[in-house]
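Novice: Protein sequence lines correspond, in order, to chains A and B. Last residue of the first sequence: 548 in our numbering, with the numbers rising by one and none dropped. Last residue of the second sequence: 1142 in our numbering, with the numbers rising by one and none dropped. Even glycine gets a Cβ: it sits at the ideal position worked out from N, Cα and C. A single structure is presented below for examination.
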Amino acid sequence: MLVRLADGELDALEDLYDRYKTMAYSIAYRITNDTTLAEDVVQEAFLGAWRNAARYVEGRGSVKTWLLSIVHHRAIDAVRRRRPTTELPDVELPPPAALTLPDVWAEVAVGLDAATVRGALATLSDVQREAIELAYFGGLTQQEIAERTATPLGTVKSRMRLGLLAMRRYLEGGSP
Amino acid sequence: MSGIDPARELTHDEVVEMGGAFVLGALGAADAAGVRSHLSTCTEDHSEIAELGGVLPVLAESVPTVEPPAGLKARIMAAAAAEAAAEVPGAATVAPAAVAPVGGAMPAEPTPFPTADERTMRRDRSSPLSWALRIAAVVAIVALGASTLLLRNQLNDAQAYQQAVTAVIDAAGQPGALTAVLTADGDTGTGLAAVTPDGQVTLAMQDLAPTSGATVYTAWVIGGDGVPVDIGSFNVGRGGTASFSATGVPATSGIVLALTRETGPGATAPTLPIISKGVATAAG
C-alpha cells in the first residue's frame, strides 16, 4: 500500500481510509471532543499521509501506527491552537534516529486486544494515569500539567516516565 | 519550559528524565529541540525512550470507538482528486493567481470523487481506441494554445516578481532597515527581504515550487533564542513567484528569515527541510 500511496494513487488513499477510518476518527474525537474539528483533523491526516508517503521511513513503525501518530499530532495541534500557549513542540518531525528500533510501535501494536489494553492501563497509579492522559489526550505540556495539578515539574516528569515504563513491562510479560 | 537553562545543552540524565514527556509530545518547543539535539549526538544508550514510545499504541487502542460521519470519505477523496488534478500539467483547471492570500475566497466545491465501482465501470467503458482519440485531441489543442499562453504567463510572472522586488527595495531604503538575501537550501526558492525598524518584513521570492491543496509556504523568523516564530503563510502559483509582507518582526541584525512548506497555515514549528533562508543585516 505504501508504494501505491507514494505514487499518489487515489485508490491507495481510499484503501487506507477504509482500513483505519474508525480508529483515526475515534482518536481525533477523543482529543478534540468536537465532531467538526475531528473531521478536519482526520481529513488533513489522511491527505498528509497520502502526500508524504514517500517520506515514510521503513522500520520506524507500521503504516497503522505511522498514520495514527499523524492523527494524534494533528489533533493535539488543533486543541492547542484553541487555547493560549506560548510555545509548542514540533509535532510532525519523525523520531530521532537514536530511537530507531526494529519497529518502535509495531512490535507492541500487533496483537493488542482489549484485555491487554486494560491490563496495561491498570498498571498505572491514578496520578500517573492523570499525567499521561493530560499529555496524550489533552495536549498539555509537562509544565502545564504541573501547573494544573499543582505538582512539582520533576514529579510530573517522573510520573509520565515511570507510568509508561510500567505499561511497557506489563506488555513484555513482566511485572509492572 | 523545563526550568532548565535553554542556552545550555541537556545532559544524558536530563534527557532520560524527560523521555516520557518527549514521547507523549508534552515538551515545549525548546525542550523538544534540546532532546532531539542530544539524541543526534549522544553515544550513550537511549533505548528506554524508544521503549516508552512503544507503549503509545496502547493509549490509542484505549479510545472508545466512534464511527466517522458518512460524508467524510467523499470529502477526503474529493480533496485528494482536486489536488491530484491540479498537479497534472495541462489539466483543465484554473491556475491560481501568482500569489493567493491564505484565507481568501473559498475555492469552488470539488466534484465528488467517484467510488471504486464507478471508476471500474469507467475504465471498462473506455476502449484503447477511444483513449487514443482523446489523447490525440488533447495534444492538438495544447499544441495550438500552449506557446501563446506560455509567453503570456512568463511575462506576468516576471512582472509580478519585479513588483515584489521593487517593494523590497523601497522598504530597504528606510533608515535603519535590514536586508536579507534568501538562498535555496535545496533546488528551488531564492529571493530578497527587507525588515523596516517598525517591524514590517517585505519578501520577494522566485523559483518556488507551486503550492496545491492546503499546502502553503510559511515564513519564519528566528531570533537570538533560536526559536522559529511563524510570521505568516502564502500560496504560490505556477509562476513560482511570491510577494509577502508581515508585521511584528524584530528589526534586529542577525535574525534569520526562513521558508518552509507546510500542510496548512498555522504551523507551530517548521517542517523540514527549509526551502530557503537568509540572515537579515543592516542595509547600509
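For residue 1137/B, list the residues DSSP reports as bridge partners.
Specialist: Answer is 1114/B.
Novice: Going by Cα to Cα distance, which pick from 484/A, 453/A and 455/A is closest to residue 436/A?
Specialist: With distances taken between Cα atoms, residue 436/A lies closest to 484/A.
Novice: Nearest chain B C-beta to residue 519/A closer than 9 Å, yes or no?
Specialist: Not an interface residue.
Novice: Answer yes if the segment 501-512 of chain A comes into contact with the segment 926-934 of chain B, meaning at least three C-beta pairs across the two stretches below 8 Å, and no otherwise.
Specialist: Contact between the segment 926-934 of chain B and the segment 501-512 of chain A is absent, because fewer than three Cβ pairs lie under 8 Å.
Novice: When we look at the beta-carbon of residue 905/B and count the other beta-carbons within 10 Å, is it buried (16 or more) or exposed?
Specialist: Exposed: under 16 other Cβ atoms inside 10 Å.
Novice: Nearest to residue 1098/B by alpha carbon, out of 868/B, 1015/B and 903/B?
Specialist: Cα-wise, what sits closest to residue 1098/B is 1015/B.
Novice: Helix, strand or coil, according to DSSP, for residue 1086/B in the structure here?
Specialist: In this structure, residue 1086/B counts as strand in the three-state DSSP scheme.
Novice: Say whether chain B places a C-beta atom closer than 9 Å to the C-beta of residue 376/A.
Specialist: No, no contact with chain B.
Novice: Drop a sphere of 10 angstroms on the beta-carbon of residue 980/B, count the other beta-carbons inside from all chains shown, and report buried for 16 or more, exposed for fewer.
Specialist: Confidence at residue 980/B is low in this model, with a pLDDT of 44, below 50, so its placement is unreliable and no value can be given for it.
Novice: At a Cβ cut of 8 Å, what residues of the segment 445-457 of chain A count as close to chain B, listed as they run along the chain?
Specialist: Within the segment 445-457 of chain A, the qualifying residues are 445, 448, 449, 452 and 453.
Novice: Is there a Cβ from chain B that is less than 9 Å from the Cβ of residue 537/A?
Specialist: Yes, because at least one Cβ of chain B sits closer than 9 Å to the Cβ of residue 537/A.
Novice: Let me know the alpha helix (DSSP H) ranges lying completely inside the segment 489-522 of chain A, each 4 residues or longer, listed in chain order.
Specialist: Whole alpha helix (DSSP H) segments, 4+ residues: 498-508 and 514-521.
Novice: Measure from the C-beta of residue 390/A to each C-beta in chain B and report whether the shortest distance is under 9 Å.
Specialist: Cβ-Cβ to chain B under 9 Å: yes for residue 390/A.
Novice: What is the DSSP secondary structure of residue 373/A, counted as helix, strand or coil?
Specialist: Coil, per DSSP.
Novice: Only counting the same chain, and skipping five residues up and downstream in sequence, which positions put a Cβ closer than 6 Å to that of residue 1090/B?
Specialist: The residues are 1077 and 1104.
Novice: Look at the Cβ atom of residue 1037/B, then the Cβ atom of residue 1140/B, and state whether they are nearer than 9 Å.
Specialist: Result yes, Cβ atoms of residue 1037/B and residue 1140/B sit closer than 9 Å.
Novice: Which runs of the beta strand (DSSP E) fall wholly inside the segment 1027-1067 of chain B and span at least 3 residues, in chain order?
Specialist: The qualifying runs are 1036-1042, 1048-1053 and 1059-1064.
Novice: Kindly say whether residue 1034/B, judged by its beta-carbon, lies nearer than 9 Å to any beta-carbon of chain D.
Specialist: You won't find chain D in this structure, because its protein chains are A and B.
Novice: So, does the segment 383-390 of chain A touch the segment 404-424 of chain A, judging by three or more C-beta pairs under 8 Å?
Specialist: Yes, they touch.
Novice: Measure from the C-beta of residue 419/A to each C-beta in chain B and report whether the shortest distance is under 9 Å.
Specialist: It does: the Cβ of residue 419/A has a partner Cβ on chain B nearer than 9 Å.
Novice: Can you tell me which of the three DSSP states residue 1125/B falls into?
Specialist: If DSSP states are grouped into helix, strand and coil, residue 1125/B belongs with coil.
Novice: Would you say residue 910/B and residue 440/A are within 9 Å of each other, going by their C-beta atoms?
Specialist: Going by C-beta atoms, residue 910/B is not nearer than 9 Å to residue 440/A.
Novice: Which residues bound the beta strand (DSSP E) around residue 1103/B?
Specialist: Taken as a continuous stretch (DSSP letters only), the beta strand (DSSP E) holding residue 1103/B covers 1100-1104.
Novice: Does the Cβ-Cβ distance between residue 1079/B and residue 1114/B come in under 9 Å?
Specialist: Cβ atoms of residue 1079/B and residue 1114/B: closer than 9 Å.
Novice: Just verifying my parser: in three-state terms, what is the DSSP assignment at residue 874/B?
Specialist: It is helical.
Novice: Hey, quick one: how far does the beta strand (DSSP E) through residue 443/A stretch, first residue to last?
Specialist: Where residue 443/A is concerned, there is no enclosing beta strand (DSSP E), although the alpha helix (DSSP H) it sits in stretches over 435-453.
Novice: Can you give me, in chain order, the residues of the segment 919-935 of chain B that have a beta carbon less than 7 Å from any beta carbon in chain A?
Specialist: Going along the segment 919-935 of chain B in chain order, one finds 919, 920, 921, 922, 923, 924, 925, 926, 927, 930, 931, 933, 934 and 935 with a Cβ nearer than 7 Å to chain A.
Novice: Say whether chain B places a C-beta atom closer than 9 Å to the C-beta of residue 502/A.
Specialist: Cβ-Cβ to chain B under 9 Å: no for residue 502/A.
Novice: Against residue 398/A, what residues of chain B qualify as contacts under a CB-to-CB distance less than 9 Å, listed in chain order?
Specialist: Near residue 398/A (Cβ distances below 9 Å), the residues of chain B are 918, 921, 922, 923, 924, 925 and 926.
Novice: How would you label residue 1130/B, buried or exposed, when you count the other beta carbons within 10 angstroms and need 16 or more for buried?
Specialist: Exposed, since its Cβ has fewer than 16 Cβ neighbours within 10 Å.
Novice: Identify, in the order they occur along the chain, each residue of the same chain with its Cβ nearer than 8 Å to the Cβ of residue 902/B, setting aside the five sequence neighbours on each side.
Specialist: Within the same chain, residue 902/B has close Cβ partners 870.
Novice: So the candidates are 1034/B, 1087/B, 1022/B and 937/B; which of them puts its Cα closest to the Cα of residue 1055/B?
Specialist: Among 1034/B, 1087/B, 1022/B and 937/B, the Cα nearest to that of residue 1055/B is on 1034/B.
Novice: Counting only beta-carbon atoms, is residue 489/A nearer than 9 Å to chain B?
Specialist: Yes - at least one Cβ of chain B is within 9 Å of the one on residue 489/A.
Novice: Going by alpha carbons, who is nearest to residue 396/A out of 521/A, 512/A, 528/A and 445/A?
Specialist: When each option's Cα is compared against that of residue 396/A, the closest is 445/A.
Novice: Which full runs of the alpha helix (DSSP H) of 4+ residues lie inside the segment 893-949 of chain B, going along the chain?
Specialist: Counting whole runs of 4 or more residues, the segment 893-949 of chain B contains the alpha helix (DSSP H) stretches 905-911, 914-919 and 930-944.
Novice: Hey, does residue 380/A have any beta-carbon neighbour from chain B nearer than 9 Å?
Specialist: So yes, residue 380/A belongs to the interface.
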